[in-house]
Structures are given as C-alpha cells and as structure tokens.
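Reviewing the structure listed below.
Protein chains: 2
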Amino acid sequence: VPIIETCLSPALLHLYNFTDSIVVVIDVFRATSTIAAALSNGATQIIPVDSVQECIQIGNNTPNSITAGERDGKVAAGLQYGNSPSEYPAHFIKGKTLVLTTTNGTRLLHMASNSKQIITGSFLNLQAVIDYLKASNSNILLACSSWKDRCNIEDTLFAGAVAAGLADTHTHNCDSTRMATQLWQQANKQLDTYIQDTAHWHRLSAYGLQQDMLYCCAINKHNVLVTYNGQALVATT
Amino acid sequence: VPIIETCLSPALLHLYNFTDSIVVVIDVFRATSTIAAALSNGATQIIPVDSVQECIQIGNNTPNSITAGERDGKVAAGLQYGNSPSEYPAHFIKGKTLVLTTTNGTRLLHMASNSKQIITGSFLNLQAVIDYLKASNSNILLACSSWKDRCNIEDTLFAGAVAAGLADTHTHNCDSTRMATQLWQQANKQLDTYIQDTAHWHRLSAYGLQQDMLYCCAINKHNVLVTYNGQALVATT
C-alpha cells in the first residue's frame, strides 16, 4: 500500500525522501489557488519564476503572455497583475501564458524537482488532486509552502483534506499527516470561519484581501489537475 | 501583553527570536518526563549530556551519581539505567545526581542557550509549568524536541496544553500555537487513548514501552518546576 507523508515547512523538506513520490505543492494563500483558477479558466500555461526581474524578462520574450506577482500584498513594480485567483476570469486569461512570481510557492517547485512528479493543490481543485492521487498507486508527499518557513494552518488543513480523501487507497505513519487530518476534521464543516483566525488571515486582511482569501476556500470551484513539467504548470486531463 | 510562540521542530528554531523569552523544552517521550519524575522524587540535579562517552566520564567524576541513557529503546552500553520515568522512585534517586544522555532533548537545551531562561516541560509537571509562566509576565517559546526533527503529536499536544493554560495572561498570533491548542482541545479528554495513534507510540511499542508512555501521560503526577542553570537541571520552588 503506498504511503502519505506531510511536510509542514520547506525548512523540513530535507527530512523526507521523495524521489519515488508524487509531491503536492500547497500554497493556499494564494499561489496554488491562483494557479488552479487561471488554468481552469483556460490559461495555456503558467511559468513560475523566482524574481520580478525574471518575470519581466520572460514576459517580454513570450508571445501572448502577461506578468503577475505581488510583494507585500500589492502588484509588484514592473508587473501587470497580482496574485488573486479572481483576477483571472476566462474572458481575460483564456489562451494566454501567465508568468507568475510568488514568494513561497515557486521555491518549493524547485526544491522538489528530484521527485517522481510534481502537482499543485489548493481547495479550489481539491477533488481533482484527490482523484488523481487515488488512482496513482504512488507514494505521496504533501508539501506545505508555509509562511517564511513557519507552519501555517491553511496549507496544513489542505494537506489534511487530501490525506482524509485517500484513506481507502493509502496508509501512513506520519504525525504531521495525523495532525493535519485531525485539524481538517475540526475545520471542514466551517472552513470560511475557521480560516479567519490564522496568521495569514490577519496579515493579508491588513491589505484588504479578505474576499480573496474566502475565494481560496471555495472547495472545487476550479477543479483542474495541475502538473509541473519542469518549466511550466499546465492543466492535465 | 506577553506573547507565546510554538516551534514544532528544532530544525525550525532559527526562525524564532527568543533572546527575550522563556524557552520551554518539551520531550514528552521521554526525556523531560524522566527529568520531572527524578527531580520530583528528590534527585539533587540532572546533568544532561550529548554522548554516552561524556555521560560515563561525568558520572565517574561526580560523587553519588548514576548514569543513564538509552539508544534504540535499551540502556546504552556502559550506562547504568535507562530513560524511563518509572525507573527513578524516591527511595532510589533521592539525593543523587542523575547524568542523563538523550537523543533529542539535550540538543535543544544547547540550541536554546541564548534565551532569557530555559525550563523543561512534560505532562507530569504541566501545572507547575503553567503556574510559573502565568506569573512570569514574559514572552514564551514552546520548543518541541520532535523526533529527528520531524514534528510529533505528543510534544505538540503538550505545547497546546500550556498555551491553553495561559489564555488569560498571554496572547499569540502563531499558527503553530493555534494548531497545538486545537489538537489539545480534541485530545485532552482522552489523552491515554489519543496518544496510542502516534509515530512514537508505534515505534516505542516495538520495544515494549507502552506502560512507560502511559506513565508520561499522567498529568501532574510529578508536579515540579524544572529550570536549567546552564549545566544542570534542578527543581525550583
């Protein structure tokens, strides 16, 4: 029976051997939520990059692309759009390439490159993640982006939601997975309110991003499977 | 109002600034439980050391001392006793110095040396820890020893129990503290059974240590305040 492990912070990733695992990169507020929304709404691909500089450069060299990214809750200087899932409706994003720079999520994509496969997860595409992993017969590492390496609730909850959904096909002996699953059992009936007492909620509320965070809690609203091909994130069916 | 932070693994300790905080070192299974038991039962002091070699050497040079420590669930070669809280009843340990080597706990004592003060915590002395911190008017870092840097449930639960006990005197905006507190709310009515589905329970059960772990769950059985003076752990009143 394949196993699940959960890594609550990128600073703990070195403890896990994931060469034989599918790694699920999780950054609920808001990179992997924005990725699910844009791809579900028809973006051709999303190119994740580390820096604003790189974002501008790749944007200039990529036809039909737009550049996006935030620093401190605002569109970064030199970029066109932000990191809100609601900014990418189909009539805007369909057929385009999104070049996206994020603080946390991009880093994990690179850190997990030595894995069997990388997919990204958020509440917006929870069921697509579960369905894919259920059928995979593969070991899984649920990798939380956290906030500057500090464990956060929203990524942990999502890991718990995935683990709970895999109870019939996977096993585990990982306390982080147990904690995530148990927290999810507390939270899942009232995710919208539960999420409002978290460090990220308090931090991003100061930028007026409450509606954005509630959007990220809309389970299965953009139910697309997102895979990383080493250069870009794409919708996979 | 002073704040609480919780660090779920020594590998995350660098994220926290604790120079102005009391650090509570937590290693429920079993170092800080054994420490509480031995000091509550009258041990003069406990000298924590990193290696078996050092343990033997200090034991040889310390009058009326005994050496203790385990590797892989058995008394380490060259030492006299193990790491079970039940091994140190008053009629045996009273007036003696315990020289103790542990895998995880000792390391954190050294890592946290740049703090305002270090105390140790376990369910056996939960109330003494809470009472002391309540009256301290100080910032607090709850530092979990974890298992080889992987987050574990029993240390996290203890952090949650302490944080819950400080709700009237301290504040926090730390997701690790929130998660710990919420897990404690689930577990505290049935700690004995809750603890039996954890990685440590499964690992140590293979060595026949179930009774030992249940002993560590006896809340306030050895209700002593333990402080670290830089060289030894002592009971403080």
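Chains as they are written, first to last, in the numbering used here: chain A, 77 to 313; chain B, 77 to 313. Cβ atoms here follow ideal geometry from the backbone N, Cα and C, with glycine treated the same way.
Measure how close the beta-carbons of residue i and residue j come, nearest whole angstrom, since I'm counting them as under 8 Å.
i, j, result
"B:L217", "B:Y92", "6 Å"
"B:I80", "B:H246", "5 Å"
"A:V300", "A:L184", "That pair is no contact at about 19 Å."
"A:I206", "A:L242", "7 Å"
"B:S141", "B:T173", "4 Å"
"B:T196", "B:Y304", "7 Å"
"A:A113", "A:P161", "4 Å"
Do you know offhand how far residue i's Cα is from residue j's?
i, j, result
"B:R254", "A:N136", "44 Å"
"B:A275", "B:S191", "30 Å"
"B:S189", "B:S97", "11 Å"
"B:L200", "B:C227", "21 Å"
"A:A244", "A:V77", "Inspection of the sequence shows that residue 244 of chain A is occupied by Asp rather than by Ala. C-alpha separation (whole angstroms): 10 Å."
"A:D273", "A:T177", "27 Å"
"B:Q156", "B:I123", "15 Å"
"A:L267", "B:I229", "23 Å"
"B:I132", "B:N159", "15 Å"
"B:Q307", "B:Q261", "36 Å"
"B:G171", "B:V310", "12 Å"
"B:Q121", "A:A152", "57 Å"
"B:H167", "B:V128", "25 Å"
"B:T269", "A:T269", "30 Å"
"B:T179", "B:R147", "8 Å"
"B:H278", "B:Q287", "13 Å"
"A:G154", "A:E130", "11 Å"
"B:I295", "B:L202", "7 Å"
"B:N215", "A:I134", "46 Å"
"A:K265", "B:D225", "32 Å"
"A:T182", "A:Q193", "15 Å"
"B:T313", "B:L115", "12 Å"
"B:M187", "A:V99", "31 Å"
"B:N344", "B:A237", "No answer is possible for residue 344 of chain B: the residues shown for chain B start at 77 and end at 313."
"A:M289", "A:D103", "12 Å"
"B:T95", "B:A119", "29 Å"
When you compare the CB positions of residue i and residue j, do they come within less than 9 Å of one another, or not?
i, j, result
"B:T82", "B:C293", "no"
"A:Y164", "A:T232", "no"
"B:I169", "B:N249", "no"
"A:A204", "A:V302", "yes"
"A:L259", "A:F105", "no"
"A:Y291", "A:K150", "no"
"B:A107", "B:S222", "no"
"B:A235", "B:S252", "yes"
"A:A144", "A:V175", "yes"
"B:A256", "B:L89", "no"
In three-state DSSP terms, what is residue i?
i, result
"A:Y52", "A question about residue 52 of chain A goes unanswered here, because the residues of chain A that appear run from 77 up to 313."
"A:I111", "helix"
"A:K265", "helix"
"A:P165", "coil"
"A:T232", "helix"
"B:Y270", "helix"
"A:S97", "strand"
"A:T312", "strand"
"A:L218", "strand"
"B:R183", "helix"
"B:R254", "helix"
Would you give the residue range spanned by the alpha helix (DSSP H) that residue i belongs to?
i, result
"B:C131", "V128 to N137"
"A:C317", "An answer regarding residue 317 of chain A cannot be provided, because it is not within the stretch 77 to 313 covered by chain A."
"B:Q203", "L202 to S212"
"A:L280", "A275 to S281"
So the beta strand (DSSP E) residue i belongs to, where does it begin and stop?
i, result
"A:G145", "S141 to R147"
"B:L242", "Careful: B:L242 lies outside any beta strand (DSSP E) and carries neither H nor E."
"B:T82", "I80 to C83"
"B:T177", "T173 to T177"
"B:Q193", "Q193 to G197"
"A:A318", "As shown, chain A starts at 77 and ends at 313. That puts residue 318 of chain A outside it, with no answer to give."
"A:V125", "Q121 to V125"
"B:A87", "Looking at the DSSP string, B:A87 is not in any beta strand (DSSP E), and its letter there is neither H nor E."
Taking only beta-carbon atoms, is residue i less than 9 Å away from chain E?
i, result
"A:D251", "Of the chains in the structure shown, none is chain E; the protein chains are A and B."
Would you say the beta carbon of residue i is closer than 8 Å to some non-hydrogen atom of the ligand SAM?
i, result
"A:G241", "With respect to the ligand SAM, the structure offers nothing, as it holds no ligand at all."
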